[in-house]
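Enquirer: Submitted below is the structure of interest, expressed as structure tokens.
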DNA sequence: TGGCTGACTTTCG
DNA sequence: ACGAAAGCCAGCC
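In this note's numbering, the protein residues as written are 78 to 189.
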């Protein structure tokens with residue numbers, strides 16, 4: 078399982094893994110951090126492969142509005158919200174409450 | 001080799 | 001303020 082096979086996917090996994098508990102980020106931030114800012118979709122795609130990895134908390138990755146867009150891709154559409162609430166994140170209507178304060182930007186937190 | 005798809009984002013109407 | 005369309009890159013057929 079060499080990480081050099083797909084740098085893009087691996088990078089996404091690492092960034093998502095670096096997301097601290099009780100925090101969440103969005104696809105655009107990760108894409109921007111990786112340099113592929115134009116392809117925020119690809120981040121989601123990478124997560125599609127990442128959802129098979131337990132080490133990748135995909136539930137901490139949401140869209141720029143803080144909505145749990147990818148919840149449907151989990152084992153169950155409720156897993157994402159359940160896990161976020163378990164982390165201490167308030168979720169209402171499949172949307173993260175106070176997303177503005179729990180938002181975790183790799184470009185800022187990792188201090189590029 | 002060429003073209004479609006995709007867990008997004010931004011902008012024009 | 002809401003709706004629809006374009007743009008982006010990388011994997012997959």
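Every residue gets a Cβ at the ideal spot worked out from N, C-alpha and C, and that includes glycine. Quick caveat: nothing in here was measured; it's all calculated off a predicted structure.
Indicate the three-state DSSP secondary structure (helix, strand or coil) for residue 120 in the structure shown.
Expert: Three-state result, residue 120: helix.
Enquirer: Quick check on the burial criterion: 16 or more other C-beta atoms within 10 angstroms. Buried or exposed for residue 47?
Expert: Lying outside 78 to 189, the shown extent of the chain, residue 47 is not represented and no answer is given.
Enquirer: Report the residue from 96, 163, 88 whose alpha carbon sits nearest the alpha carbon of residue 119.
Expert: Per the Cα distances, 88.
Enquirer: Using alpha carbons as the reference points, say which of 128, 121, 187, 101 lies closest to residue 152.
Expert: Ranking 128, 121, 187, 101 by Cα distance to residue 152 puts 128 first.
Enquirer: If you drop the 5 nearest sequence neighbours on each side, which residues of the same chain put their C-beta closer than 7 Å to that of residue 144?
Expert: The residues are 171, 172.
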